[in-house]
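Worksheet: one structure, shown below.
There are 2 protein chains.
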Amino acid sequence: MRKQDITIYDVAREAKVSMATVSRVVNGNTNVRKDTRERVMKVINRLHYQPNAVAQGLASKRTTTVGLIVPDLTNLYFAELSKGIDDIALLYKYNIIITSIENRLMREDQAIQGLLNKQVDGVIYMSDNLPEEAIEAFKRTDTPVVLAGTKDSHSEFPSVAIDYQKADTEALNLLYNDGRRNLALVLGNPDTVVSAENRIPAYKKFMADHGLGEGHIYTNIKDHSDGYNLLSQLEQDGIDGVIVSRDVTAVGILNSAIDAGKKVPEDLEIITANATQIASVVRPALTAIRQPLYDIGAVAMRMLTKLMNNEEVPEKQIELSYEILKKQSTTNE
Amino acid sequence: MRKQDITIYDVAREAKVSMATVSRVVNGNTNVRKDTRERVMKVINRLHYQPNAVAQGLASKRTTTVGLIVPDLTNLYFAELSKGIDDIALLYKYNIIITSIENRLMREDQAIQGLLNKQVDGVIYMSDNLPEEAIEAFKRTDTPVVLAGTKDSHSEFPSVAIDYQKADTEALNLLYNDGRRNLALVLGNPDTVVSAENRIPAYKKFMADHGLGEGHIYTNIKDHSDGYNLLSQLEQDGIDGVIVSRDVTAVGILNSAIDAGKKVPEDLEIITANATQIASVVRPALTAIRQPLYDIGAVAMRMLTKLMNNEEVPEKQIELSYEILKKQSTTNE
DNA sequence: AGAATAGTTGTAAACGTTTGCAATTTATGA
DNA sequence: TCATAAATTGCAAACGTTTACAACTATTCT
Chain A
1 MRKQDITIYD VAREAKVSMA TVSRVVNGNT NVRKDTRERV MKVINRLHYQ
51 PNAVAQGLAS KRTTTVGLIV PDLTNLYFAE LSKGIDDIAL LYKYNIIITS
101 IENRLMREDQ AIQGLLNKQV DGVIYMSDNL PEEAIEAFKR TDTPVVLAGT
151 KDSHSEFPSV AIDYQKADTE ALNLLYNDGR RNLALVLGNP DTVVSAENRI
201 PAYKKFMADH GLGEGHIYTN IKDHSDGYNL LSQLEQDGID GVIVSRDVTA
251 VGILNSAIDA GKKVPEDLEI ITANATQIAS VVRPALTAIR QPLYDIGAVA
301 MRMLTKLMNN EEVPEKQIEL SYEILKKQST TNE
Chain B
334 MRKQDITIYD VAREAKVSMA TVSRVVNGNT NVRKDTRERV MKVINRLHYQ
384 PNAVAQGLAS KRTTTVGLIV PDLTNLYFAE LSKGIDDIAL LYKYNIIITS
434 IENRLMREDQ AIQGLLNKQV DGVIYMSDNL PEEAIEAFKR TDTPVVLAGT
484 KDSHSEFPSV AIDYQKADTE ALNLLYNDGR RNLALVLGNP DTVVSAENRI
534 PAYKKFMADH GLGEGHIYTN IKDHSDGYNL LSQLEQDGID GVIVSRDVTA
584 VGILNSAIDA GKKVPEDLEI ITANATQIAS VVRPALTAIR QPLYDIGAVA
634 MRMLTKLMNN EEVPEKQIEL SYEILKKQST TNE
């Protein structure tokens, strides 16, 4: 194995300085005389010396690595968040260890612990649900954590997200103004913070405020086929306008409606609460709450860099602005 | 900071053994007497000792970390590959450092070097193009590399993919049998190994074999809007059947056709060569070459685990079988 | 019982850096 | 020119493990 054949010692010897000086040159420490620096640099280049990040991590207790916890890599919602994170991470020279936590052989707290054992300098957590076990795991450590695209119940953790209640209310209002009165809410997991403490209360309040009765909340509708199969139930319940938490699910409902010979938006208006690429490529294109996913990821990562440097972070609960993107799945006045 | 307050020393002291013994217990070494093991385990649990993976990595020269090089996280093609990789990585207890290399501030070889400096035990490379600089970077090291969903020109690197030539030929044949004669090929980057050495030759051969003339190859058509805008050109060239390398691009063509009042498949048949979720949720659903993306990722990662353990790997160029999934964008006989 | 062997444990040297501190060199000021 | 301060360098101790190797203990065999 010649995995790491040349070390800081080799450079030191060749450049006739101590390893401490080489270390200073490598780390851009200013306390090195110009010609010494140049001599060392020359040797570094000649030998193609590259510092061993593991040894650096052990000695300095900083690994320049952050952990990303994500439910599902193939969900574009998380992929777009990740892209924002990744770009900022690159900018600040952090690497990313990604851990997905859905359908796992490993419990979530074990996954987190594994990340912490790798001595990541910080963690970004993206699941829309932060279970107690995860909270406990995080609390056992000093490693800073930022939530991206989600919130926790007690605002214990810094987070970057949007105002879900406001967004949902605005979306419901759009349907209402289109004359729809039988409004439904379609959710995946109803027990997440976003569902339980934001979307559901907003929906209930809206229905009550407008005298629309109890309404209908459908839960555990998680993917395209769940959405597809839900349509008959929606018909049965006389739903004419629906907010769907995930866009693939919304597309399932949409396709089901089309296949059943129904017209969207005439017979059913659909708004998705999480717009990814998919929402815009289907036809009719889905009206959506457009969360600035890339920005959420980028801002979260930027905040994390500050926390990792013990810099001051005045505002720890950041809400970015969203947009209601009117497309073809709602009436165009 | 109490990041890692208890070390193997603390456990050793409490359990009245040497750190070597604790290390053996932690690593499941069998050369420890049963009651000693239990005593140590008890202390480990009481103190919540967790080994520091960085120190382990330095001492053992194995980091149980693999690097993933991917062009774009938000491209479902790579996300689905990654999922297969991730699942097998979890099974074998590897963590994944993910590095995306498109539109970067960093050159590709620097990204690779960064991964190697972190002492990853292996690398999976997923871009459909392996530039010379990347090859050089890999050759400077002993770290094993496996290509997933792509191949290199000289088969220097182990790879897991499908037979692109055969798949494309079969797809072209499907169009031909549907009576289409003005067949086109729509590509992103034409200079990748997959394009230049597989898809284009297969296309040219097919056209020649069937006396269909030169044909039309459209290049640098990379996303939905590129596809959308390409339609007029396709019309102008009288194309009636097209193979599209990426499915979002295919959807762009499809949507453009629909918006222009054309009928798919009647006026234009479309086959995508890379089916992700998107190909199946649009309407009409796209006929596709379905690559077993998850499996490609999983097999690639499994092969990598063997290489990392210096196990025998008899077959280093693996081709998995694909499937032509007939949907609504080609004629249903 | 004693020798040979197998099983268990400890000692200490790596692994490749960073970094506080001391030592040395150079610059500054009177 | 010499004392003093500032800048530069080196020394050596961390960082928290793993792992030869040696040393010791328990077991087996004759």
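Residue numbers (this note's numbering), protein chains in the order written: chain A, 1 to 333; chain B, 334 to 666. Glycine included, each C-beta is placed from N, C-alpha and C at the ideal position. Quick caveat, the model's predicted, so the values are computed rather than measured.
Work out the CA separation of residue j and residue i for me, nearest whole Å.
i: Asn347 (chain B); j: Val365 (chain B); result: Reading off the sequence, residue 347 (chain B) comes out as Glu, not Asn. Rounded to the nearest angstrom, the two C-alpha atoms are 17 Å apart.
i: Pro71 (chain A); j: Gly574 (chain B); result: 39 Å
i: Glu132 (chain A); j: Asn189 (chain A); result: 16 Å
i: Leu325 (chain A); j: Gly84 (chain A); result: 21 Å
i: Leu116 (chain A); j: Glu311 (chain A); result: 21 Å
i: Val615 (chain B); j: Val281 (chain A); result: 8 Å
i: Val145 (chain A); j: Tyr94 (chain A); result: 15 Å
i: Met1 (chain A); j: Phe490 (chain B); result: Because the pLDDT of Met1 (chain A) is 35, which lies under 50, any placement of that residue in the model is unreliable, and the number read from its coordinates should be weighed accordingly. Answer to the nearest angstrom: the Cα atoms are 18 Å apart.
i: Met106 (chain A); j: Asn436 (chain B); result: 34 Å
i: Gln165 (chain A); j: Met308 (chain A); result: 31 Å
i: Ser100 (chain A); j: Leu268 (chain A); result: 35 Å
i: Lys336 (chain B); j: Ser245 (chain A); result: In this prediction, Lys336 (chain B) scores a pLDDT of 48, lower than 50, which makes its location untrustworthy; no coordinate-derived value is stated.
i: Gly114 (chain A); j: Thr64 (chain A); result: 16 Å
i: Thr483 (chain B); j: Asp343 (chain B); result: 49 Å
i: Gly67 (chain A); j: Lys595 (chain B); result: 48 Å
i: Lys451 (chain B); j: Thr143 (chain A); result: 20 Å
i: Asp419 (chain B); j: Leu564 (chain B); result: 38 Å
i: Val359 (chain B); j: Thr340 (chain B); result: 12 Å
i: Phe539 (chain B); j: Val581 (chain B); result: 25 Å
i: His487 (chain B); j: Leu507 (chain B); result: 30 Å
Quick one: what's residue i bridged to in DSSP?
i: Tyr125 (chain A); result: A:Ile69, A:Leu147
i: Ile576 (chain B); result: B:Leu518, B:Ile604
i: Ser492 (chain B); result: B:Leu480, B:Gln650
i: Ile629 (chain B); result: Answer by DSSP bridge pairing: none, since Ile629 (chain B) is not bridged.
Could you tell me which chain B residues have their CB closer than 8 Å to the CB of residue i, listed as they occur along the chain?
i: Ser127 (chain A); result: None at all; the shortest Cβ gap to chain B is about 15 Å.
i: Val248 (chain A); result: Gln610, Val614
i: Val251 (chain A); result: Val614
Would you mind telling me which residues of chain A sit closer than 8 Å to residue i, beta carbon to beta carbon, in chain order?
i: Lys451 (chain B); result: Ala53, Val54, Thr65, Asn95
i: Asn588 (chain B); result: Val281, Arg283
i: Arg437 (chain B); result: Leu90
i: Val350 (chain B); result: The contacting residues do not exist; Val350 (chain B) stays about 22 Å from chain A at best.
Quick one: list the residues of chain A neighbouring residue i, beta-carbon separation under 9 Å, in chain order.
i: Val478 (chain B); result: By Cβ distance, chain A contributes nothing, its closest Cβ being about 13 Å from Val478 (chain B), past 9 Å.
i: Glu413 (chain B); result: Leu73, Thr74
i: Ile572 (chain B); result: Neighbours of Ile572 (chain B) on chain A: none; closest Cβ ~21 Å, over 9 Å.
In chain B, which residues lie with their C-beta within 9 Å of the C-beta of residue i?
i: Lys83 (chain A); result: Asp405, Leu406, Thr407, Ser433
i: His224 (chain A); result: Gln610, Ser613, Val614
Tell me whether residue i sits in a helix, a strand or coil according to DSSP, three-state version.
i: Gln119 (chain A); result: coil
i: Thr287 (chain A); result: strand
i: Glu656 (chain B); result: strand
i: Ser351 (chain B); result: coil
i: Thr99 (chain A); result: strand
i: Ile217 (chain A); result: strand
i: Met308 (chain A); result: helix
i: Asp542 (chain B); result: helix
i: Ile6 (chain A); result: coil
i: Lys263 (chain A); result: coil
i: Asp226 (chain A); result: helix
i: Asp570 (chain B); result: coil
i: Asn177 (chain A); result: helix
i: Arg199 (chain A); result: helix
i: Ser329 (chain A); result: coil
i: Lys426 (chain B); result: coil
Output, in chain order, the set of chain B residues within a Cβ distance shorter than 7 Å of residue i.
i: Asp86 (chain A); result: Leu406, Ser433
i: Gln50 (chain A); result: Gln446, Asn450
i: Gly57 (chain A); result: Val387
i: Ile258 (chain A); result: Arg616
Looking at the ligand FAD, does it come within less than 8 Å of residue i, judged from the CB to the closest heavy atom?
i: Lys16 (chain A); result: As presented, the structure is devoid of all ligands, the ligand FAD included, so that no description of it is given.
key: the stretch 287-299 of chain A in contact with the stretch 311-320 of chain A per 3-pair CB rule at 8 Å   = With a cut-off of 8 Å, the stretch 311-320 of chain A and the stretch 287-299 of chain A count as touching, because enough Cβ pairs lie within range.
ask   = If you pair each beta-carbon of the stretch 353-367 of chain B with each one of the stretch 400-419 of chain B, do three or more pairs fall below 8 Å?
value = Contact fails: fewer than three Cβ-Cβ distances are below 8 Å.
ask   = Between the stretch 248-259 of chain A and the stretch 223-230 of chain A, do at least 3 Cβ pairs fall closer than 8 Å?
value = Taking 8 Å as the limit for Cβ pairs, the verdict is that the stretch 223-230 of chain A does touch the stretch 248-259 of chain A.
ask   = Does the stretch 381-389 of chain B come close enough to the stretch 455-470 of chain B that 3 or more CB-CB pairs lie under 8 Å?
value = No, the stretch 455-470 of chain B does not touch the stretch 381-389 of chain B.
inquiry  = Contact between the stretch 505-518 of chain B and the stretch 537-545 of chain B is defined here as three or more beta-carbon pairs at a separation below 8 Å; is this criterion met?
reply    = The way I'd put it, the stretch 505-518 of chain B does touch the stretch 537-545 of chain B; three or more beta-carbon pairs between them come closer than 8 Å.
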